[in-house]
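Taking our numbering, the leading residue of the sequence shown gets 4, the next gets one more, and so forth.
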Amino acid sequence: MKKKNTVLILGIVSIIILTSVQVFIIRGIWKQKDEMFALRYTIRSQEALNFINRRISSDGFDTVRFVLSKYSEQANKELRALKDTKELDLKKKEILDFYSEVLNKEQDLSGLLATYFERRGYDKKFAHSIAINNLEFLSNDTIVIFRRENFPNQRPGRSTPEINQSKILVNWFGMEDNNYRLRFDYFIDFSDKQRVIFKESATSLAMSIFSIIVVVTIFVIAYRNLMEEKRLSNLKTDFINNMTHELKTPLSTITVAGKTLEMAQIRTNEEKILETARLIGKQSIHLNQLINMILEISMWERTQFELDKKNTDIGELLDDVVESFRSGGGNGASINKKYNLNGLKAELDVVYFTTMINNLLSNAVKYSDKDPVIDIEGFHAENNICIKVSDNGIGIRRTDQKHIFDKFYRASTGNIHKFKGLGLGLYYVRRIAEAHGGEVKVNSRPGRGSTFTINIPY
Ligand code: ADP
């Protein structure tokens, strides 16, 4: 149990580590792709600007220049006439808003860029934005309308795109006339950026997910194999314990019987000698049966199961099995024969078939905590002979039902010696049914009893 938990915990921890590493790598790749994307479009837009400049000798802000020039002359005068600081501030704000609006609405650069991008097959679904860095009104003196913090006043060099890292800075622009001086940055932002990056990272992403799935699958398979091996090894240990127990009982009876025969008072009593001899004989047969069963099972594993099939009347065969069971180990059980097969015949191996039914009947008696009542039904449906053996015994838990037909499996492992057995009876039943081309199923509820159904095609 401890080992099982350790393996499970180690496996889960390794999977978590692997997943975290993959997430880390993917994030790195994503970041790199994001930067590459920005770099690619910065270069492309520089190329575009040069191209536009060469072709139409414009930077895309000609209309803006024209509108602003006209507006600034009047606005400069109005501004300089104001004395009240409040009014002055209001005017400055109005001027700044106007500039922003004109820059955004009257610029042609976005259209020119989009056309350039489209012609070259690049992504053209971008939104532009303009950030004013510095706006001054000029005359004899300079009135600062707006200046971005940290803006280098002396030489308005290229500003850093710290306004919004996710946007791509295409260029900074400067324009001025007698009335104003303006510096601003022009950014573009791609709405499809995430999708493009996702597409570019899809292979790495898929490989990561695939590797995680592969590792998880391998772990699950390995863990299940380990558990299965553990289960089998437990079964074998149980089997050896039970086997020893089973073999010891007849052996010790024989030993005691041998000792009894040595006693002087017994040797004169012919009846006692006979009784002891019979006991020895019975126990030897039992011992022999046990050993044969084990030998047979190991033989089954190595060679193909060979049947000696004969055309048999199933009703008669069932009668024989039930009657000999009644007179043998099954006395005390009430067995209801509920079959009427109307002389139906099928190709069966009589010996194995008898063993199969016998095993079911003796289990029905063995796993019972009250007076056993057994119903044995038989009928044919389609091309199948169906035989059902039902009891009113202790029943079988659902979790055990899956395994009871496995070799060495015993459901009552907790109380293993309460019901004697080697966990081979139902394994026999399954192997025999399958050798006849059929199958065996169980239907059971703990405390209510069990029904075993054998279907054999004929
Ligand atoms: P064994 O009887 O030697 O343990 P079997 O292969 O015959 O082995 O049965 C496997 C297990 O199935 C048993 O240990 C028992 O727990 C359960 N079992 C089989 N038949 C019955 C039954 N009729 N009622 C309840 N439990 C049963």
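Glycine included, each C-beta is placed from N, C-alpha and C at the ideal position.
Suppose the cutoff is 6 Å on Cβ atoms and the five residues either side in sequence are ignored; what does the same chain contact list for residue i look like?
i: leucine 310; result: Asp352, Ala438
i: valine 368; result: Gly333, Ala336, Pro375
i: asparagine 245; result: Leu425
i: serine 72; result: Asp180
i: tyrosine 431; result: Asn362
i: lysine 36; result: Ile200, Glu203, Ser204
i: valine 70; result: Val105, Glu109
i: serine 371; result: Gly396
i: isoleucine 166; result: Low local confidence applies: a pLDDT of 42 at isoleucine 166 is under 50, so the model's placement there is unreliable, with the coordinate-based value given in what follows. Here the set comprises Ala134.
i: phenylalanine 466; result: Shown here, the chain extends from 4 to 461; a query on residue 466 therefore has no answer.
Please work out which residues of its chain come closer than 8 Å, Cβ to Cβ, to residue i, disregarding the five sequence neighbours upstream and downstream, and give them in chain order.
i: isoleucine 18; result: Ile215, Val218, Val219, Phe222
i: isoleucine 288; result: none
i: aspartate 322; result: Lys340
i: glycine 450; result: Ile397, Gly398
i: asparagine 386; result: Pro460, Tyr461
Comparing alpha-carbon positions, which option in the options lies nearest residue i?
i: glutamate 249; options: Leu116, Leu112, Leu425; result: Leu425
i: aspartate 188; options: Leu106, Lys285, Thr118; result: Leu106
i: lysine 128; options: Ile135, Thr118, Ala134; result: Thr118
i: serine 61; options: Leu115, Ile288, Asn143; result: Leu115
i: arginine 151; options: Lys196, Arg186, Leu282, Thr145; result: Arg186
i: glutamate 319; options: Gly284, Gly381, Glu299, Asn291; result: Gly381
i: isoleucine 171; options: Arg47, Arg400, Asn362, Lys391; result: Arg47
i: isoleucine 377; options: Tyr342, Asn386, Arg400, Arg401; result: Tyr342
i: asparagine 79; options: Lys95, Asp65, Val70; result: Lys95
i: alanine 414; options: Gly63, Asn366, Ala436, Asn458; result: Asn366
i: aspartate 192; options: Ser207, Phe27, Leu42; result: Leu42
i: isoleucine 300; options: Ser330, Glu385, Arg433; result: Arg433
i: tryptophan 303; options: Glu265, Thr279, Tyr355, Leu344; result: Tyr355
i: arginine 122; options: Phe422, Ala260, Phe54, Leu85; result: Phe54
i: glycine 331; options: Lys89, Lys285, Leu82, Tyr44; result: Lys285
i: valine 259; options: Thr271, Leu282, Leu277; result: Leu282
i: tyrosine 44; options: Ile379, Arg234, Val26, Gly124; result: Gly124
i: tyrosine 102; options: Tyr74, Glu90, Ser113, Lys89; result: Tyr74
i: threonine 66; options: Val173, Met178, Glu81, Arg57; result: Met178
i: aspartate 195; options: Ala130, Phe27, Asn237, Val26; result: Ala130
i: isoleucine 317; options: Arg198, Ile59, Ile360; result: Ile360
i: serine 142; options: Glu81, Lys239, Asp241; result: Glu81
i: isoleucine 338; options: Glu231, Glu326, Asn345; result: Glu326
i: valine 173; options: Thr271, Gly452, Leu52, His383; result: Leu52
i: threonine 256; options: Met266, Ala267, Leu290; result: Leu290
i: phenylalanine 190; options: Pro253, Ile457, Thr88, Ser113; result: Ser113
So residue i packs on residue j, CB below 8 Å; how close in whole Å?
i: asparagine 137; j: phenylalanine 154; result: 5 Å
i: valine 443; j: phenylalanine 408; result: 7 Å
i: lysine 428; j: proline 460; result: Looking at the sequence provided, one finds glycine at residue 428 rather than lysine. Rounded, the Cβ-Cβ distance is 23 Å, inconsistent with contact.
i: serine 204; j: tryptophan 33; result: 6 Å
i: leucine 13; j: tyrosine 226; result: Going by Cβ atoms, the distance from leucine 13 to tyrosine 226 rounds to 10 Å, so no, they are not a contact pair.
i: aspartate 111; j: phenylalanine 120; result: So it is not a contact: roughly 15 Å between Cβ atoms.
i: isoleucine 388; j: leucine 347; result: 7 Å
i: isoleucine 29; j: serine 207; result: 7 Å
i: threonine 263; j: threonine 279; result: 5 Å
i: lysine 312; j: glutamate 350; result: 4 Å
Please state the DSSP three-state secondary structure of residue i.
i: tyrosine 189; result: strand
i: serine 393; result: strand
i: tyrosine 342; result: strand
i: serine 371; result: coil
i: serine 337; result: strand
i: asparagine 1; result: Past the boundaries of the shown model lies residue 1; the chain is included only from 4 to 461, so the question cannot be answered.
i: proline 460; result: strand
i: serine 132; result: strand
i: glutamate 165; result: Only weak support is given to the placement of glutamate 165: the predicted model assigns it a pLDDT of 46, under 50, and the value that follows is read from those uncertain coordinates. Reduced to three states, the DSSP call for glutamate 165 is coil.
i: histidine 383; result: strand
i: alanine 267; result: helix
i: serine 194; result: coil
i: glycine 177; result: strand
i: asparagine 79; result: helix
i: phenylalanine 149; result: strand
i: lysine 423; result: coil
i: glycine 452; result: strand
i: phenylalanine 308; result: coil
i: aspartate 62; result: coil
i: serine 447; result: strand
i: leucine 42; result: helix
In chain order, what residues of the same chain lie with their CB nearer than 7 Å to the CB of residue i, ignoring the 5 residues before and after it?
i: glutamine 404; result: Val445, Ser447
i: glutamate 139; result: Thr145, Ile146, Val147, Ile148, Tyr183, Arg184
i: leucine 512; result: Nothing about residue 512 can be reported from this structure: the residues present for the chain run from 4 to 461 only.
i: leucine 293; result: Glu249, Leu250
i: threonine 358; result: Tyr431, Ile435
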